[in-house]
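Since the structure comes first, as C-alpha cells, the remarks are kept for the end.
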Amino acid sequence: MQLNKLSLALATSMLLTTSLHAQEAAGANAATASAIGGVSTTVVVAAVAGVAVLASVNSGSSGASVISANQSAGSAATTAAAAATQSTAAATQATAALTSVSTLAAVTGSAALTAQSAAVTAAITTANAATAAATLAASNLTTASAATLSGVLNSSNVSICAATTSCTRAELTNLSYQAAVTAKTAAENTLAVNTLLTAFRAALVTAGVTAAQLATFNTSYALAVTAAAAAQTAANSTITSYNATLVTLGITGTTINASTGTTGASGTTGT
Numbered sequence: 620m621q622l623n624k625l626s627l628a629l630a631t632s633m634l635l636t637t638s639l640h641a642q643e644a645a646g647a648n649a650a651t652a653s654a655i656g657g658v659s660t661t662v663v664v665a666a667v668a669g670v671a672v673l674a675s676v677n678s679g680s681s682g683a684s685v686i687s688a689n690q691s692a693g694s695a696a697t698t699a700a701a702a703a704t705q706s707t708a709a710a711t712q713a714t715a716a717l718t719s720v721s722t723l724a725a726v727t728g729s730a731a732l733t734a735q736s737a738a739v740t741a742a743i744t745t746a747n748a749a750t751a752a753a754t755l756a757a758s759n760l761t762t763a764s765a766a767t768l769s770g771v772l773n774s775s776n777v778s779i780c781a782a783t784t785s786c787t788r789a790e791l792t793n794l795s796y797q798a799a800v801t802a803k804t805a806a807e808n809t810l811a812v813n814t815l816l817t818a819f820r821a822a823l824v825t826a827g828v829t830a831a832q833l834a835t836f837n838t839s840y841a842l843a844v845t846a847a848a849a850a851q852t853a854a855n856s857t858i859t860s861y862n863a864t865l866v867t868l869g870i871t872g873t874t875i876n877a878s879t880g881t882t883g884a885s886g887t888t889g890t
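Here the sequence shown stands for residues 620 to 890, where the numbers follow the working numbering.
Written out as C-alpha cells, the structure reads:
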C-alpha cells in the first residue's frame, strides 16, 4: 500500500512551522514482510542523513510519501510544545494579576471577592495540570517522530513504543492525537482562567478598586490574554499537523475539532 500524498493545504500549513523536518522520503525502497493470514504493516524509523524517516512497510509493494509521517508528527510536536509554553505563560501572568490585588482591603474584606479569587486560583491549578500533560505529550511525540537507535523512550526513560527502534502506525497516530488534544485542552483552560479574571476585574472596579491599584493587574491580565491566544493558535496548528499525519499514514483517526473558544464575560465559548 502506497502512502497517500498530502493535500496542498496541509503541506502549506506544515511549511509554516519553522521546525518542520524538511526532508523528503520520496524514492525510498520499501521492505516487505508477510504474516500468516495477512499482511503485517509497520512504520519503521530509520536514520537517513541524520534525519529519522518513516516508511510504510507493505507486502508486495513499495513507495514512500512525499512528506513523511515523522515530518508531520515532528511538526505537530513542535507546535504542541509551543502551545504548552504559551499556556504556561498565560497561567503565570494570571497568577501575577491575582497576586497584585490579593491584599487589597476591598478584596480581603469581601466574601464575594474572596470567593471569586479562590475560583480563579482553582482554575489556574487546573490549567497548570493540563499544561503539564500537554508538555509531556509533546515531548513524547518529539521522541517518537525522530527515534534514535538507542530505543524509543521518553524523557523519563519510559517506553512509548513497544519496539526499541521503531513505532507502529497505531502508536505514532496515538502519540500525535495525545499531543494535539492535550495542547487544545491546555489552551482552552487558559482561556477559561482569563474569563474568570475578566469577571473578577469587573467586580473589583464595582467594589471601588482604583485604576492605580489595578495597574499591575491590568498589565498581567493583558499578557495572559495574549499568551492564551498564542497557545490556541499553536494548538490548532498541532491539530492540522495531526490530520496531516493521518493522511500520510492512510489512517482514519479520531477527529479533533479546532479550538474556537474565546475569553468571554462568563465563560469560554466554543470548542
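C-beta atoms are modelled at their ideal positions from N, C-alpha and C, and glycine is treated no differently.
Is the distance from the Cβ of residue 709 to the Cβ of residue 843 below 8 Å?
-> yes
Enumerate, from N- to C-terminal direction, the unbroken alpha helix (DSSP H) stretches of 4 or more residues contained entirely within the region 817-881.
-> 834-868
For residue 728, name the three-state secondary structure that DSSP assigns.
-> coil
Cβ distance (whole Å) where residue 802 is taken to contact residue 702 below 8 Å | 4 Å
From residue 905 to residue 715, what distance separates their C-alpha atoms?
-> The structure shown does not extend to residue 905, since the chain is modelled only from 620 through 890, so no value can be given for it.
Own chain, CB closer than 7 Å to residue 873, minus 5 neighbours either side, in chain order | 796
Cβ-based burial, residue 733 [other Cβ within 10 Å; buried from 16] = exposed
Identity of the residue in 698, 713, 691, 721 nearest residue 828 by Cα = 721
Tell me which same chain residues have a C-beta within less than 8 Å of the C-beta of residue 698, skipping the five on either side of it?
-> 636, 802, 853, 854, 856, 857, 860
Confirm, please, whether the CB-CB distance from residue 839 to residue 719 is below 8 Å.
-> yes
Tell me whether residue 787 sits in a helix, a strand or coil according to DSSP, three-state version.
-> coil
Quick one: grab the DSSP three-state call for residue 795.
-> helix
Measure the Cβ-Cβ separation of residue 760 and residue 789 and say whether it is below 8 Å.
-> no
Residue 777: first and last residue of the uninterrupted alpha helix (DSSP H) it sits in | Unbroken run through residue 777: none, as it is neither H nor E.
From residue 757 to residue 724, what does the alpha carbon distance come to, in whole angstroms?
-> 43 Å
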